[in-house]
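**Q**
Numbering (the numbering used here), first residue to last: 93 to 390.
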């Protein structure tokens, strides 16, 4: 019982100290050029060593605990063998019975060792099951598709966005980041949202995609309440041009049309409207040009 309780906690501590090592390594790889530019190689190396040493310091007690268990299991097995031999000497039994008893007593050591270690491994690795259970109980998003609530295939055809006394927060228990917004944005209008940091500018964009849900009020696009339809239709019918564009490894066409919805003619027409047709046409493979991760080869 003492071993199982201790090993379970040590396993949990070891898992917690593993994550910072991987995160630091990944951050170092992504920012290696910046690190070299500021001559901070030694600082990042020292930080990596510190995190690794902390993980080793947390893992070492687990190794010692395993040795502690092994010694006591061997001791228990040897005691069993000793008493089996002692009873064989004192009791008037045949040589075959003595050998049989000693053989089983010696094999009992291995069986006992195996049983205790299996039980301990189950208790120790149940930490991973606890983590999976925790993730499985995480609050889920709204329905991906709401039956009988599919918007028309041309929705939105005008793009009129209306906020009706809309309020939202990032999660339950926190203060409202957007409170009582009432406005209507007409089709074709270009609207700028101005405010200090934390005023809720980006929160309105998150609200349009229902990444954060309404705490009060509603948002309508062309008269359709976004809360009444599934997330698939909301996020599939709205497009955003991010401040920092992201390109995935694959063909240029896959990046432009990841769900293979449109024909090449439609894509070329869109590129022409974006004044990128000549640039793409000059690429060796055109729309099938293979893009490296992050678009480094464009």
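Just so it is clear, CB atoms sit at the ideal spot from N, CA and C, and this is done for glycine as well.
(1) Just to confirm, are residue 367 and residue 375 a CB contact at a threshold of 9 Å?
(2) Determine whether the beta carbon atoms of residue 337 and residue 387 lie at a separation below 9 Å.
(3) Where does residue 299 fall in DSSP's three states?
(4) Let me make sure I understand the geometry here. Which of 245, 224, 99 has the alpha-carbon closest to that of residue 208?
(5) Confirm, please, whether the CB-CB distance from residue 299 to residue 270 is below 9 Å.
(6) In terms of residue numbering, what span does the beta strand (DSSP E) encompassing residue 270 cover?
(7) Can you find at least 3 beta carbon pairs, one from the stretch 127-141 and one from the stretch 169-186, that sit closer than 8 Å?
(8) Can the beta-carbon of residue 254 be found less than 9 Å from the beta-carbon of residue 312?
(9) Based on the DSSP output, what are the partners of residue 371 in its beta bridges?
(10) For my contact list, residue 285 and residue 296 are in at a C-beta cut-off of 8 Å; report their separation, rounded to the angstrom.
(11) My understanding is that residue 332 touches residue 348, with C-beta atoms under 8 Å, so please give their C-beta distance in whole angstroms.
(12) Could you tell me whether the stretch 316-324 touches the stretch 232-241, where touching means 3 or more Cβ pairs closer than 8 Å?
(13) Leaving out five residues on either side along the sequence, give the residues of the same chain with a beta carbon under 7 Å from the beta carbon of residue 355.
(14) Does the stretch 273-284 touch the stretch 221-236, meaning 3 or more C-beta pairs lie closer than 8 Å?
(15) If you measure between the beta carbons of residue 203 and residue 193, is that distance less than 9 Å?
(16) Within the continuous beta strand (DSSP E) that includes residue 260, where are the two ends?
(17) Which same chain residues, not among the five before or five after residue 385, have their C-beta less than 6 Å away from its C-beta?
(18) Under DSSP, the beta strand (DSSP E) around residue 307 begins and ends at which residues?
(19) Tell me, please, which residues DSSP counts as bridged to residue 317.
(20) May I have the straight-line CA-CA distance separating residue 290 from residue 94, to the nearest angstrom?
(21) What does residue 163 pair with, by DSSP beta-bridge criteria?
**A** According to the structure data:
(1) As a first step, residue 367 must be located in the chain shown, where it is residue number 275. As a first step, residue 375 must be located in the chain shown, where it is residue number 283. No, the Cβ-Cβ distance between residue 367 and residue 375 is not below 9 Å.
(2) Position 245 of the chain shown, counted from the first residue, corresponds to residue 337. Position 295 of the chain shown, counted from the first residue, corresponds to residue 387. Yes. Within cutoff.
(3) If you number the chain shown from 1, residue 299 lands on position 207. Here residue 299 sits in helix by DSSP.
(4) In the chain shown, counting from the first residue as 1, residue 208 sits at position 116. That would be 99, whose Cα lies nearest to the Cα of residue 208.
(5) Walking along the chain shown from the start, residue 270 turns up at place 178. Walking along the chain shown from the start, residue 299 turns up at place 207. Yes, the pair counts as a contact, with Cβ atoms nearer than the cut-off.
(6) For the purposes of this step, residue 270 is taken as the residue at position 178 of the chain shown. 270-277 is the extent of the beta strand (DSSP E) around residue 270.
(7) no
(8) Looking up residue 254 in the chain shown gives position 162. Looking up residue 312 in the chain shown gives position 220. Yes, the Cβ-Cβ distance between residue 254 and residue 312 is below 9 Å.
(9) The sequence position of residue 371 within the chain shown is 279, counting from 1. None; residue 371 has no bridge partner.
(10) Taking the chain shown and counting its residues from 1, one reaches residue 285 at position 193. Taking the chain shown and counting its residues from 1, one reaches residue 296 at position 204. The Cβ separation is near 7 Å, so the contact holds.
(11) Residue 332 sits at position 240 when you count from the first residue of the chain shown. Residue 348 sits at position 256 when you count from the first residue of the chain shown. Rounded, the Cβ-Cβ distance is 15 Å, inconsistent with contact.
(12) yes
(13) As a working mapping, residue 355 is identified with position 263 in the chain shown. Answer for residue 355: no residue qualifies.
(14) No, the stretch 221-236 does not touch the stretch 273-284.
(15) Residue 203 sits at position 111 when you count from the first residue of the chain shown. Residue 193 sits at position 101 when you count from the first residue of the chain shown. Not a contact, by the Cβ cut-off of 9 Å.
(16) Mapped onto the chain shown, residue 260 falls at position 168. First-last of the beta strand (DSSP E) with residue 260: 253-260.
(17) On the chain shown, residue 385 is found 293 positions in, with the first residue counted as 1. So the qualifying residues of the chain are 341.
(18) Translated into the one-based positions of the chain shown, residue 307 becomes position 215. Looking at the DSSP string, the run of the beta strand (DSSP E) that includes residue 307 is 306-313.
(19) As a working mapping, residue 317 is identified with position 225 in the chain shown. Answer is 312.
(20) Within the chain shown, residue 290 is the residue found at index 198, counting from 1. Within the chain shown, residue 94 is the residue found at index 2, counting from 1. Going from the Cα of residue 290 to the Cα of residue 94 covers about 50 Å.
(21) Along the chain shown, read from residue 1 onward, the residue named residue 163 stands at position 71. DSSP, once it has assigned bridges, lists no residue as partnering residue 163.
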